[in-house]
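Accompanying notes for the structure given below.
Protein chains: 2
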Amino acid sequence: MTTIPEDIAGENCPAEGLLKQLAGKWKPQIFRLALEGPLRFNALLRQLPGASKQSLAVALRELEEAGLLDKHLIRQKPLHIEYELSTRGRALIQIFHSLEEGAKNGDKAQSG
Amino acid sequence: MTTIPEDIAGENCPAEGLLKQLAGKWKPQIFRLALEGPLRFNALLRQLPGASKQSLAVALRELEEAGLLDKHLIRQKPLHIEYELSTRGRALIQIFHSLEEGAKNGDKAQSG
DNA sequence: AATAGTAGTCATCTTTTTTTGACTAATTGT
DNA sequence: ACAATTAGTCAAAAAAAGATGACTACTATT
């Protein structure tokens, strides 16, 4: 057999899965905007110049499937949908902020 | 003008860059192995079943370009190269561990 | 000189991700 | 009825990422 069990490598690296869930295109930006409150599709589209409906729909669906966002139908006028951080999403807020800090430190470190 | 300055969206989301640097294929696993000590190319290749020379070379180069790994020529027999966590890389160890923790909590959260 | 080990590169192919533009469908306003 | 806003879907194309196999180059051994 030449089949290689990918589990062996992936299984002992839990960070990989979370990184994949968080790192797709538009996802960090969506997550960041979600910190400020519930998100609506078209509003988000306007806040993310360059993102298409499709890209956004995919990113939102994947974030939802990853359990980071919850999707709610709001029965108000106008009838609409809100995306907001799930319990799990909120549990990751500190990590997200760490990532932002780590990124800043990294920028400076390049020169020295 | 229809040109959209991508900076606007990207610039205010520092986490995005770091996530991109960390999240490529094999990168989390390489980073994790680097926590245990210096890495050598062929040894790493054996430790990552499924990874090709090319994939590994690209991942290592990008991790190095991101300033996460340092590359050293070791003038010993056999002459070889070692990759190890840079100062910046070491600065991100805690974040990496947070990601591992966050991933574990996420697994459980899915069922409830 | 041939063989093996060091660490890769290169061109090419395949797979995955992202984008584009058209289309659907329900609700609300005129 | 018609238009606008809600939130998408779908097929196709383009772009990016990843994999494959051959090849390079150096050192050391036989």
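Protein sequences appear in the order of chains A and B.
Quick note: the first sequence uses the working numbering, first residue 1, plus one each step.
Quick note: the second sequence uses the working numbering, first residue 1, plus one each step.
Ideal placement from N, C-alpha and C gives every residue a C-beta, glycine not left out.
Considering residue i, what are the terminal residues of the alpha helix (DSSP H) in which it resides?
i     : result
A:P14 : P14 to A23
A:L33 : K27 to A34
B:R40 : Note, B:R40: premise wrong, no alpha helix (DSSP H); not H, not E.
Report all residues from its chain with a CB closer than 7 angstroms to the CB of residue i; omit the five preceding and five following residues, and keep chain order.
i     : result
A:I8  : Low local confidence applies: a pLDDT of 48 at A:I8 is under 50, so the model's placement there is unreliable, and no value is given.
B:K27 : A59 and L63
A:F96 : F31
A:A66 : Q21
B:R88 : G67 and L68
A:L45 : A51, K53 and L56
B:L99 : none
A:Q47 : L33
A:I93 : L35
Using a Cβ-Cβ cutoff of less than 8 angstroms, which residues in the same chain neighbour residue i once the five nearest sequence positions on both sides are dropped?
i      : result
A:S55  : K25 and W26
B:A103 : none
B:I81  : R40, F41, K71, H72, L73 and I74
B:G37  : E84
Against residue i, what residues of chain A qualify as contacts under a CB-to-CB distance less than 9 angstroms, listed in chain order?
i     : result
B:R75 : Those within 9 angstroms of B:R75 in chain A number zero; the least Cβ separation is about 26 angstroms.
B:L45 : Here the premise fails: no neighbours, minimum Cβ distance about 12 angstroms.
B:F96 : A15
Leaving out five residues on either side along the sequence, give the residues of the same chain with a beta carbon under 6 angstroms from the beta carbon of residue i.
i     : result
B:L85 : A34
For residue i, go through chain B and note every residue whose CB falls closer than 7 angstroms to its CB, in chain order.
i      : result
A:K20  : A23
A:L134 : Nothing about residue 134 of chain A can be reported from this structure: the residues present for chain A run from 1 to 112 only.
For a contact defined as C-beta to C-beta under 8 angstroms, what are the partners of residue i on chain A?
i      : result
B:G102 : L18, A91, L92 and I95
Would you mind telling me which residues of chain A sit closer than 7 angstroms to residue i, beta carbon to beta carbon, in chain order?
i     : result
B:R61 : Those do not exist, as B:R61 stays about 16 angstroms from chain A at its closest Cβ, beyond 7 angstroms.
Could you name the residues of chain B that residue i contacts, counting a contact when the two beta carbons are closer than 9 angstroms?
i     : result
A:H40 : For the sequence presented, residue 40 of chain A should be read as Arg rather than His. Going along chain B, no residue has its Cβ under 9 angstroms from A:R40, so there is no contact; the nearest lies around 17 angstroms.
_Please give me, in chain order, every unbroken run of the alpha helix (DSSP H) with length at least 4 that falls completely inside the stretch 65 to 98 of chain B._
If we require 4 residues or more, the alpha helix (DSSP H) runs fully inside the stretch 65 to 98 of chain B come out as 87 to 91.
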